[in-house]
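First the structure, in the form of structure tokens, and then the observations on it.
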Amino acid sequence: MEKISYKLPTFEGPLDLLLHLISKNKLNIYDISISELLNQYMEHLDLMKENNMDVASEFLDMASRLVEIKSYELLPKYEEGEKLKEELQGQLLEYQECRKAAKKLGEIVSFDNYCRNQIKMKCDTKYKRSHDPSILVAAYMAAVGRGKKNLPPSDEAFSVIVRRKIVSVSSRIIGVMRILWGGKPVRYSTLFDDSESKSQMVATFLAVLELIKGKRVRVEGDGEEAQIQMLQRR
Numbered sequence: 003m004e005k006i007s008y009k010l011p012t013f014e015g016p017l018d019l020l021l022h023l024i025s026k027n028k029l030n031i032y033d034i035s036i037s038e039l040l041n042q043y044m045e046h047l048d049l050m051k052e053n054n055m056d057v058a059s060e061f062l063d064m065a066s067r068l069v070e071i072k073s074y075e076l077l078p079k080y081e082e083g084e085k086l087k088e089e090l091q092g093q094l095l096e097y098q099e100c101r102k103a104a105k106k107l108g109e110i111v112s113f114d115n116y117c118r119n120q121i122k123m124k125c126d127t128k129y130k131r132s133h134d135p136s137i138l139v140a141a142y143m144a145a146v147g148r149g150k151k152n153l154p155p156s157d158e159a160f161s162v163i164v165r166r167k168i169v170s171v172s173s174r175i176i177g178v179m180r181i182l183w184g185g186k187p188v189r190y191s192t193l194f195d196d197s198e199s200k201s202q203m204v205a206t207f208l209a210v211l212e213l214i215k216g217k218r219v220r221v222e223g224d225g226e227e228a229q230i231q232m233l234q235r236r
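Going by my numbering, the first residue of the sequence shown is number 3, and it counts up by one from there.
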């Protein structure tokens with residue numbers, strides 16, 4: 003079913019009506035009195051109903067939007083209401099500029115024919131809207147954060163894996179055998195004197211266990227007095 007819409011004699015939509023009310027009541031578009039604007043707006047909707055005119059949903063949506071902003075203004079802290087009010091103000095200003103442009107085009111353009119000579123248009127790259135500095139800082143930090151996600155990890159991220167020297171048990175078995183090669187017993191603790199890390203100490207301990215298991219060395223004594231000696235093969 004085709005949707006039937008009603009065009010008011012004067013207003014194209016809710017923004018058009020709001021601009022009319024702002025102009026009629028001499029309100030400041032940069033500091034709108036939402037309470038006064040809402041009262042005027044609701045009076046107009048009531049007038050439409052009295053004349054048996056169907057109120058389009060977009061007009062009702064705007065009414066609920068104005069009521070929401072007014073309700074926020076009744077609260078002690080109404081930062082959310084200020085944001086909604088600024089958003090409405092921006093839409094009104096943009097609509098006002100579009101209406102001015104449409105009026106100018108209407109004076110020079112005919113639906114039957116319109117032509118003009120080709121002209122070079124210089125693009126205006128200057129951004130004319132203003133924003134709170136905190137919003138710009140937050141947007142910048144968010145953009146910087148997204149950029150960092152695409153960068154490769156730093157060397158420090160792999161330092162625990164790459165820079166730590168891996169010590170094999172086999173290499174420590176050879177080192178222990180060199181110390182004991184003369185056949186004389188030596189203090190067990192001297193095997194760890196050249197250890198530069200915990201990994202090297204653990205590898206040395208495991209190397210001694212492997213040599214004991216293979217009956218290549220013997221450890222005697224306890225604590226600091228413990229001694230280790232290479233066993234002679236028969």
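Even for Gly, the Cβ is constructed at its ideal location relative to N, Cα and C. As the structure is a prediction and not an experimental result, all values here were calculated from the model.
Using a 10 Å radius around the Cβ and a threshold of 16 neighbouring Cβ atoms, would you call leucine 193 buried or exposed?
buried
What does DSSP give as the partner residues of arginine 1 in its beta bridges?
As shown, the chain starts at 3 and ends at 236. That puts residue 1 outside it, with no answer to give.
Assuming valine 69 is part of the alpha helix (DSSP H), what are its boundary residues?
59-75
Alpha helix (DSSP H) containing glutamate 88: first to last residue?
81-110
Using a Cβ-Cβ cutoff of less than 6 Å, which residues in the same chain neighbour valine 171 once the five nearest sequence positions on both sides are dropped?
Once the five neighbours on either side are set aside, the close Cβ partners of valine 171 are Ala205, Leu208, Ala209.
Could you spell out where the alpha helix (DSSP H) holding valine 204 opens and where it closes?
Residue range 200-215 is occupied by the alpha helix (DSSP H) that includes valine 204.
Within 10 angstroms of the Cβ of leucine 49, are there 16 or more other Cβ atoms? Answer buried if so, exposed if not.
exposed
Ends of the alpha helix (DSSP H) at glutamate 45?
That run of the alpha helix (DSSP H) goes 36-52.
Measure the CB-CB distance between leucine 182 and glutamine 234 and report whether it falls below 8 Å.
no
Spatial distance of lysine 1 from isoleucine 168 (CA atoms)
Since the first and last residues shown for the chain are 3 and 236, residue 1 lies out of range.
Identify the continuous beta strand (DSSP E) that holds arginine 1 and give its terminal residues.
The chain is shown from 3 up to 236; residue 1 falls before or after that span and cannot be answered.
Sorted by chain position, which residues of the same chain lie with C-beta nearer than 7 Å to glutamate 237's C-beta, five sequence neighbours on each side aside?
Nothing about residue 237 can be read from this structure; the chain reaches only from 3 to 236.
Which residues bound the alpha helix (DSSP H) around histidine 22?
16-26
Quick one: Cα of serine 197 to Cα of isoleucine 137, how far?
56 Å
Looking at the structure shown, is methionine 179 part of a helix, part of a strand, or coil, going by DSSP?
Helix at methionine 179.
To the nearest angstrom, report how far apart glutamate 96 and alanine 141 are at their CA atoms.
23 Å
Using a 10 Å radius around the Cβ and a threshold of 16 neighbouring Cβ atoms, would you call histidine 133 buried or exposed?
exposed
Starting from the Cα of arginine 174, find the closest Cα among Leu211, Arg189, Ala145, Pro187 and give me that residue.
Leu211
By the three-class DSSP mapping on this structure, what secondary structure does arginine 174 have?
In the three-state reduction of the DSSP assignment, arginine 174 falls in the helix class.
Closest to glycine 83 by CA distance: which of Ile71, Glu99, Leu76 is it?
Ile71
Exposed or buried, which one is valine 219 when buried takes at least 16 other CB atoms within 10 Å?
buried
Grab me the residues of isoleucine 121's own chain with a C-beta within less than 6 Å of its C-beta, minus the 5 sequence neighbours each way, in chain order.
Once the five neighbours on either side are set aside, isoleucine 121 has no close Cβ partner at all.
Is serine 197 helix, strand or coil when you go by DSSP?
DSSP places serine 197 in coil when its eight states are reduced to three.
Alpha carbons only, please: which of Lys217, Glu109, Leu20 is nearest the one belonging to glycine 92?
Leu20
To which residues of the same chain is lysine 186 closer than 8 Å at the C-beta, ignoring the five residues directly before and after it?
Gln231
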